[in-house]
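Colleague:
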Amino acid sequence: MTDEVLIKVSHLQKSFNGGRNVLEDISIDIRRGEKIVIIGPSGCGKSTFLRCLNMLETPTGGSITFEGTVLTDPKTDLDKARQKMGMVFQHFNLFPHLTIMQNLTLAPVTLNLKSEEEARQIALNLLKRVGLEDKADKYPSTCSGGQKQRIAIVRSLAMNPDVMLFDEPTSALDPEMVGEVLNVMKDLAKAGMTMAVVTHEMGFAREVADRILFIHGGVIEEEGTPEDIFDHPKSPRLQQFLKAIL
Amino acid sequence: MFQSIYDTMIAGQRYVLIFQGLGVTLLIAICAIIIGTILGCILALMKISDNRLLRGIGTVYTTVLRGLPLATQLMIFYFVVFAPLHLPKLLVAILAYGLNSGAYCTEIFRAGIQGVDIGQTEAGRSLGLSKRQTLFKIILPQAVKAVLPTYTSEFIVLIKETSVASFIAVMDMTKAGDMIRNATYNAWIPLLTCAIIYLILTLGLTKIFDIFEKRMARSDR
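Put into structure tokens, the structure is as follows:
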């Protein structure tokens, strides 16, 4: 982890259709190489927070800066910024009409970042990395959930992102497939990737996170190292949350 | 039996009428589905656009053209809208059916596009693809597949509905059958002939689109 701030979030606010604020006021600096894990009870706004980071949700207040670009500025070219922000979804969202190889090469080739041949080579290496090179010419429907999620992760990596956002990446998986996906994420963390992960996998959080954010009621109720959060929780709400899930 | 078929259809070369009518029916249906498809693509994109005006135009168009009976529309186009232009009847019929089919195609395509899971758009956009690139590379290919069965039935409905073209005195196949009935006082041979030809057309089309569908279902296996 370096001292360089990769994503700066200040006073982020989000409400849907003018209703109550899902996010009240969130400020945080994410440094290059840092692994942030976001936990909290369902409906607390943790997914909304993550989706604001790459502007899949448009914040209603505050600002987000990524590598010096103010994403919340309406004039910003979001497509350009998103090329450097990978996102992994709970439901994988692989493109069912394309082969695995095409899933991985579509964005780099369409955006003219890589030639078809280069993109294929990169994709093949990435698939090897997650042990799925034999799936290259198959369609997503032939893959298990765990395989789909590993492919979704390398699809994002094919864009060579500077940060990876994970929105409950293992929540839709059968229990026996959670491990294979978490292992890929751990390898990614070891390789120095900046990561922001919304998850219910507390083992993963404890092992990988540099910092854990506990979000409750649209604010960061408590933040700290895994030891702070799991062994010495201060806020009663966090204590209650941990008691309920552990 | 063969004698009466001969008397009604072959004598006086009346079968030629049926074939001419069939030609007209096919001409109207094919031209109309082409117009309708193009129009449907444009209007569907308008209806899903962020622009309020474009959306409004699309909505008014589909509401009006789907809300009126086809025979009424056909006469309005012939006797009112296109009357000052003195267009040939057949051309008016083609335009009227095309414009009408456009409204149905719009709704079919719009539903198809919006039926693609929102997660697909999110995945595309989060990879850095623009709205346009996401639409054309990710959403539309999936929508086409989803839309094919309803699109087929729209084409089939169109072929059958050409039978009301006689409201503006276009001589389609049904009209031809009716004329033979009038001339020979035999109703069931000419009309049954028409019915069988319609069935062959619609069954044939269903088969052809079935093959398309199967081919496109490759990625589902």
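Chains A and B are the protein sequences, given in the same order.
Per my numbering: the first sequence = residues 781 to 1026.
Per my numbering: the second sequence = residues 22 to 242.
Beta carbons: idealized from backbone N, C-alpha and C, even for Gly.
If you're wondering where the values come from, they're calculated on a predicted model, not measured in any experiment.
#1: Check this for me: beta carbons of H996 of chain A and G841 of chain A, under 8 angstroms apart or not?
#2: Using 8 angstroms as the limit for Cβ to Cβ distance, is E143 of chain B near chain A?
#3: Given that a residue counts as buried once 16 or more other Cβ atoms are within 10 Å of its Cβ, and exposed if not, what is N72 of chain B?
#4: What span of residues does the alpha helix (DSSP H) with Q163 of chain B cover, start to end?
#5: By DSSP's criteria, G1004 of chain A is part of a beta bridge. Which residues make up the other side?
#6: Let me know if E234 of chain B comes out buried or exposed under the rule of 16 or more other beta-carbons within 10 Å of its beta-carbon.
#7: Is any beta-carbon of chain A found at less than 8 angstroms from that of I159 of chain B?
#8: For I78 of chain B, tell me which candidate among B:I115, B:A124 and B:I54 has the shortest Cα-Cα distance.
#9: Got a sec? Which residues, its chain only, sit under 7 angstroms from I69 of chain B by beta carbon, not counting five neighbours each side?
#10: Residues in its own chain within less than 6 angstroms of M60 of chain B by CB, not counting five upstream and five downstream?
#11: For a test of the three-state rule: what should DSSP assign to T879 of chain A, helix, strand or coil?
#12: Can you check the region 68-116 of chain B for any alpha helix (DSSP H) of at least 4 residues that lies completely inside it and give the ranges in chain order?
#13: Which bits of chain A does K166 of chain B rub up against, with CB to CB less than 8 angstroms?
#14: Short of 7 angstroms Cβ to Cβ, which residues in the region 120-150 of chain B face chain A?
#15: Using the rule of at least 16 other Cβ atoms within 10 Å of the residue's Cβ for burial, across every protein chain shown, is Q929 of chain A buried or exposed?
#16: Less than 7 angstroms between C-beta atoms, sequence neighbours within five positions excluded: which residues of the same chain meet that for I210 of chain B?
#17: Classify G119 of chain B as buried or exposed, calling it buried when 16 or more other Cβ atoms lie within 10 Å of its own Cβ.
#18: With DSSP collapsed to three states, give me the class of M975 of chain A.
#19: Rounded to the nearest angstrom, what separates M237 of chain B and M944 of chain A at their Cα positions?
#20: Suppose only complete runs of 4+ residues qualify. What are the alpha helix (DSSP H) ranges in the region 832-908 of chain A, listed by chain order?
#21: Using 8 angstroms as the limit for Cβ to Cβ distance, is D990 of chain A near chain B?
#22: Just to confirm the assignment, what range does the beta strand (DSSP E) spanning V934 of chain A have?
#23: Who are the Cβ neighbours of V113 of chain B in its own chain at under 7 angstroms, not counting the five residues just before and after it?
Modeller: If we stick to the structure as given:
#1: The residue given as residue 996 of chain A occupies position 216 in the first sequence. The residue given as residue 841 of chain A occupies position 61 in the first sequence. Result no, Cβ atoms of H996 of chain A and G841 of chain A do not sit closer than 8 angstroms.
#2: The sequence position of residue 143 of chain B within the second sequence is 122, counting from 1. Yes, because at least one Cβ of chain A sits closer than 8 angstroms to the Cβ of E143 of chain B.
#3: Here the question's residue 72 of chain B lines up with position 51 in the second sequence. With fewer than 16 other Cβ atoms within 10 Å, it is exposed.
#4: Residue 163 of chain B sits at position 142 when you count from the first residue of the second sequence. Where Q163 of chain B is concerned, the enclosing alpha helix (DSSP H) stretches over L161 to E182.
#5: Taking the first residue of the first sequence as position 1, residue 1004 of chain A is located at position 224. Note: G1004 of chain A sits in a beta bridge opposite A:I992.
#6: Within the second sequence, numbered from 1, the residue matching residue 234 of chain B stands at position 213. The residue in question, E234 of chain B, is exposed, as its Cβ has fewer than 16 Cβ neighbours within 10 Å.
#7: Mapped onto the second sequence, residue 159 of chain B falls at position 138. At least one chain A Cβ lies under 8 angstroms of I159 of chain B.
#8: Residue mapping note: residue 78 of chain B aligns to position 57 of the second sequence, counting from 1. The shortest Cα separation from I78 of chain B among B:I115, B:A124 and B:I54 belongs to B:A124.
#9: What you label residue 69 of chain B is simply residue 48 of the second sequence in a count that begins at 1. Same-chain partners within the cutoff: R131, I134 and Q135.
#10: Taking the first residue of the second sequence as 1, we reach residue 60 of chain B at position 39. With the sequence shown as reference, residue 60 of chain B is identified as Leu, and Met is not the correct amino acid for it. Same-chain partners within the cutoff: G123.
#11: Within the first sequence, residue 879 of chain A is the residue found at index 99, counting from 1. In this structure, T879 of chain A counts as coil in the three-state DSSP scheme.
#12: 73-88 and 91-97
#13: Locating residue 166 of chain B in the second sequence gives position 145, counting from the first residue. Correct list: H877.
#14: G140, Q141, E143, A144, R146, S147, L148, G149 and L150
#15: The sequence position of residue 929 of chain A within the first sequence is 149, counting from 1. Q929 of chain A comes out buried.
#16: As a working mapping, residue 210 of chain B is identified with position 189 in the second sequence. Taken in chain order, the residues that qualify are S25, I26, T29 and M30.
#17: In the second sequence, counting from the first residue as 1, residue 119 of chain B sits at position 98. Answer is buried; the Cβ neighbour count reaches 16.
#18: Position 195 of the first sequence holds residue 975 of chain A. In this structure, M975 of chain A counts as strand in the three-state DSSP scheme.
#19: Translated into the one-based positions of the second sequence, residue 237 of chain B becomes position 216. Translated into the one-based positions of the first sequence, residue 944 of chain A becomes position 164. Cα-Cα distance, rounded: 33 angstroms.
#20: 858-862 and 880-890
#21: Taking the first residue of the first sequence as position 1, residue 990 of chain A is located at position 210. It does not; no Cβ of chain B falls within 8 angstroms.
#22: Counting from 1 along the first sequence, the entry for residue 934 of chain A is found at position 154. V934 of chain A -> not in any beta strand (DSSP E); alpha helix (DSSP H) instead, spanning G925 to L937.
#23: Numbered from its first residue, the second sequence carries residue 113 of chain B at position 92. If we look at V113 of chain B and ignore the five residues flanking it on each side, its Cβ neighbours are F98, Y99, F103 and I189.
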